[in-house]
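Asks: Residue numbers (our numbering): -11 to 422.
Here a beta-carbon is modelled for each residue, glycine too, at the ideal position from N, C-alpha and C.
Predicted model, so just to flag it, every value in this text is computed and none were measured.
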Ligand code: PMP
C-alpha cells in the first residue's frame, strides 16, 4: 500500500539526525530487509498502527513480552494504580516479593531470584554468579544464541549481529572473550570435546533451549541431556537463557518442556526477561538458594541497579503473570500458534514454496527451507532476498513479522482465529509472488 501522506520516511530522516541509525536497537532499522521502518503510534490487542494510520497484525509483540496482546485491561489497571503510588523509590517494596514468589511458584528449579531491568543485565549477572560460585573463568556458549550484549557474550551471537554479518562487535578486546568457548548448537561431539579439554575450568554452559535468535531452532533432547550430564559431571553450572522462552513456550518455561522428555531435568541458573515484565523494563535471574546466596549483600558476587524491582514494572509483570496463569491459557495460546504455523505450511505447499515451520506455546519460526535447520550454519542457508520479498509483501498488506530471517515470531492471546486466518490468506497471496 502506498500512502500519499507518508509520515514514516520523514520521521526516519529526523531520527537519523539525532539517534545512530535512527533507532535505539539495531534490528528496528530494517537494515536487513531494506525500506523504511514503521514508526508505531499506538497498539491495541493484536494490532499496531503506524504514523500513517496503517494497521498491522503484530507478530513481534515487542519481541516477546506482549503475550496478552497490547493494552490488556487488568495490566493497564495495575500499571495505572502503581504509577499513582510512585515511579521509583530505591527501597524495597512488597510487590517485589510478590513477583519473586510468583516466578518461583511457576518454575520448580528456582528457589530465589534477583530482579533487574533488562535481559542483558540478567545474563551478564548470571555469568558473573556462575564464575563467582565455581571459582572458574571459562564459559561455553553456542553459535547463533544471543544472551544480550555483555562483552563476554558478544561472540557469534544471532539476531542483529547475524544480520550485520559480523561474528562479534568492535570495542570488545580479545582478552575479554578469551574465556568464551563457542560451539555449534546441537553438536554433541563438539560439546564432549570441549569438556574433555576445558572441563576443570568451566564455570558454566549458557544456552537458549529453544533458540529464538537464529529464528526458531530447538536444542535436541539428546543434546540437552548431554549438556546436563556433562555440567553435573564436571561441576559446571547449566545456565538456561529463558529471556525469550520463559513464560512464553510454556508456563514453566522451556525447562518444563525438556522435563517432559528428561525426567527430573533442571538447569542450575535461569535467566528471564520479556514476559515477566509484560512490556516494562524488567528481567531476572535465579536458581537454588545455595548459589543465589552468593550474591551481594550476602555473598561476594556484586550486582546492583538503581531501577531494579521498579514498582511500576513489577506491577505490570505481576498482572501479566496472573493472567497467563489462568487455567487453559497456554492450551489456547498454543492452539492459535499451531493454527498459524499449520496454515502457513499449507499455503506455502499450495504455492510450491519450499517452507518449514515449528512452534511451541506462543513462539514460532519459519524458514524458506524445505527442512527445519538444527544449527546456525544451516539457518544461514536461507534465501535472504526471498525472505525480504516475503517480509515486505506481508508488511504492505498489514502483517508485521520480524524484519530479519534470524528472528522468531510471537502470537498473543489477543490474536483471534480470524486474525490468524487473515494472516494465512495474506501470506498465500505473497507466496504467489515469490
Ligand atoms: N537473551 C535472549 C534469549 C534474548 O532473546 C534477549 C533479547 N532479545 C536477551 C537475552 C537480551 O535481553 P534485553 O534485550 O532485554 O537486554
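Let's see if you can read the secondary structure: which residues bound the alpha helix (DSSP H) around residue 177?
Replies: Here the alpha helix (DSSP H) through residue 177 covers 176 to 186.
Asks: DSSP has residue 58 in a bridge; who is on the other side?
Replies: 33
Asks: Classify residue 79: buried if its beta carbon has 16 or more other beta carbons within 10 angstroms, exposed otherwise.
Replies: Per the 10 Å Cβ criterion, exposed.
Asks: Tell me which residues pass a beta-carbon proximity test against the ligand ZN: closer than 6 angstroms to any heavy atom, given in chain order.
Replies: In terms of ligand content, the structure shown lacks the ligand ZN and carries the ligand PMP instead.
Asks: By how many angstroms is the C-alpha of residue 324 removed from the C-alpha of residue 404?
Replies: 8 angstroms
Asks: For residue 343, count neighbouring Cβ atoms within 10 angstroms of its own Cβ and tell me buried if that reaches 16, exposed if not.
Replies: buried
Asks: With C-beta atoms as the reference, is residue 220 less than 7 angstroms away from residue 167?
Replies: Remark: C-beta atoms of residue 220 and residue 167 do not approach each other more closely than 7 angstroms.
Asks: Please report the residue range of the alpha helix (DSSP H) in which residue 271 lies.
Replies: Counting along the chain, residue 271 falls outside any alpha helix (DSSP H), though it belongs to the beta strand (DSSP E) covering 271 to 275.
Asks: What three-state label does DSSP hand residue 348 in the structure shown?
Replies: When secondary structure is reduced to three states using DSSP, residue 348 falls in the strand class.
Asks: Is the number of C-beta pairs between the stretch 56 to 64 and the stretch 86 to 101 that are closer than 8 angstroms three or more?
Replies: Short answer: they don't touch.
Asks: Apart from the five residues on each side of it in sequence, which residues of its chain come closer than 8 angstroms, Cβ to Cβ, to residue 329?
Replies: Around residue 329, the same chain offers 345, 346, 347, 352 and 354 as residues with beta carbons nearer than 8 angstroms, after the five sequence neighbours per side are excluded.
Asks: For the stretch 216 to 259, which segments carrying the alpha helix (DSSP H) assignment without a break, of at least 4 residues, lie completely within its bounds, in sequence order?
Replies: 241 to 249
Asks: Go through the stretch 86 to 156 residue by residue and report every complete run of the beta strand (DSSP E) that reaches 3 residues or more, in order.
Replies: 100 to 104 and 126 to 130
Asks: Could you please give the first and the last residue of the uninterrupted beta strand (DSSP E) stretch that includes residue 171?
Replies: 168 to 171
Asks: When burial is assigned at 16 or more other CB atoms within 10 Å of the CB, is residue 197 buried or exposed?
Replies: buried
Asks: Span of the alpha helix (DSSP H) holding residue 332?
Replies: 317 to 338
Asks: Is the CB-CB distance between residue 246 and residue 212 below 7 angstroms?
Replies: yes
Asks: Quickly, what does DSSP pair residue 283 with across the bridge? List them, please.
Replies: Answer is 289.
Asks: What residues are listed by DSSP as bridge partners for residue 198?
Replies: 206
Asks: Going by other Cβ atoms of all chains shown within 10 Å of its Cβ, with 16 needed for buried, is residue 115 buried or exposed?
Replies: buried
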